[in-house]
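Asker: Residues in the sequence shown are numbered consecutively from 9, following our numbering.
Think of the CB as a built atom: it goes at the ideal place given N, C-alpha and C, for glycine as much as any other residue.
Predicted model only: the values in this text are computed from it and were never measured.
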Amino acid sequence: MTGRISFILRLLLINMIVISGALAQNNDDEYAKKIREYTTDERFLNELVDHLPDSPTVPSPLKYFGEIIGAPGILHYTEEIYSYFRTLDEASPRVQVRSIGKTEEGREMIEVIVSDEENLSNLETYREYLN
9 MTGRISFILR LLLINMIVIS GALAQNNDDE YAKKIREYTT DERFLNELVD HLPDSPTVPS
69 PLKYFGEIIG APGILHYTEE IYSYFRTLDE ASPRVQVRSI GKTEEGREMI EVIVSDEENL
129 SNLETYREYL N
């Protein structure tokens, strides 16, 4: 019995290693380097913000703007940020940008929805659940 459990545990471990390797994404090393360089205190760095996945089809802010978001001395205009979001919308089936109206000053407001394709195709259904 112990040998059987040991075998099953080893088999599960091997499967987990194989699956995690298959699902791993490459990171944009240049972007990660700039994040570390520009972050003023290491306490602000964690596994959620210290890197950015690299994609051959979806441009990173570094590829789009020539610099990472939050770089010292650079503040992008709203139109530039909106343009980047629209580029993401065109490049990825997992991003949807919609205009939701105008501000009191007449400026466009947008919403950016990031999800999987199935969720994006069912947005109206989910909206109905809220009512």
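Can you give the beta carbon distance from residue 103 to residue 118, rounded, assuming they're within the 8 Å contact cut?
Answerer: Wrong, their Cβ atoms sit about 12 Å apart, outside the cutoff.
Asker: How about residue 83 and residue 76: are their beta carbons less than 8 Å apart?
Answerer: no
Asker: What span of residues does the alpha helix (DSSP H) with residue 118 cover, start to end?
Answerer: Careful: residue 118 lies outside any alpha helix (DSSP H), inside the beta strand (DSSP E) at 116-122.
Asker: Could you check the C-alpha separation between residue 81 and residue 139 for me, to the nearest Å?
Answerer: Taking the straight line from one Cα to the other gives about 45 Å.
Asker: For the structure I just gave you, are there three or more beta carbon pairs, one from the stretch 32-44 and one from the stretch 53-72, closer than 8 Å?
Answerer: yes
Asker: Across which residues does DSSP place residue 109 in a beta bridge pair?
Answerer: 117
Asker: Using only CA atoms, which one of 95, 90, 123 and 98 lies nearest to residue 108?
Answerer: 90
Asker: Are the CB atoms of residue 120 and residue 93 nearer to each other than 8 Å?
Answerer: Taking C-beta atoms as the reference points, residue 120 and residue 93 count as a pair closer than 8 Å.
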